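In our numbering, the protein residues as written are 26 to 183. Before any comments, here is the structure.
Written out as structure tokens, the structure is:
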């Protein structure tokens with residue numbers, strides 16, 4: 026049985042000209058009260074560029090990663106192609122313009138203009154002490170900051 030879920034965007038991602046920011050809609054800006062002090066935020070956003078009936082039906086993908094298995098379920102990937110293109114990015118907060126609802130960040134892995142569904146402060150308790158991953162992706166960076174210099178292009182079969 027499928028149920029309808031209503032989601033109201035709280036803002037939008039701006040990612041153009043090497044400038045990255047989250048713009049919070051005016052009616053939600055008071056929710057930013059006392060968010061300063063958190064160095065990182067989790068941005069939950071809608072992958073609107075991957076939202077199509079075709080992509081929502083794709084449940085498996087053939088060999089997306091060079092060192093991965095021949096077939097992998099979409100839930101075992103970080104792909105934006107999913108039954109519900111809900112995506113999560115952790116961002117570094119450079120500054121916050123509370124009056125205009127702008128959160129500036131050096132980078133977010135989002136296209137320009139996708140809707141933001143929610144913001145959550147990243148907290149050290151979000152880490153897992155004994156995390157394990159399959160052998161085929163153990164060489165991936167353990168820390169978000171190291172992802173910037175990692176050769177991700179060499180990981181994919183596209």
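Even glycine gets a Cβ: it sits at the ideal position worked out from N, Cα and C. Treat the numbers as computed from the prediction; the structure is a model and nothing was measured.
Between residue 70 and residue 112, the gap from beta carbon to beta carbon is short of 8 Å. Counting of Cβ neighbours within 10 angstroms places residue 66 among the buried residues, the total reaching 16 or more.
Annotated as proximal: residue 45 and residue 130, with beta-carbon spacing under 8 Å.
Excluding its 5 nearest sequence neighbours in each direction, residue 133 has C-beta neighbours in its own chain below 7 Å: 38, 40, 45, 68, 114, 116, listed in chain order.
Taking the CA atoms as reference points, residue 85 sits about 9 Å from residue 102. Each of 73, 104, 168 was checked against the Cα of residue 153, and the nearest Cα belongs to 168.
Excluding sequence positions up to five before and after residue 156, its CB lies less than 7 Å from no other CB in the same chain. Annotation for residue 126: 36, 48, 49, 50, 51, 53, 54, 57 place their beta carbon closer than 8 Å to its own, counting only its chain and skipping 5 residues before and after.
Residue 80 carries a helical assignment under DSSP once its states are collapsed to helix, strand and coil. Residues of the same chain with a CB within less than 7 Å of the CB of residue 98, apart from the 5 flanking positions on each side, are 84, 85 in chain order.
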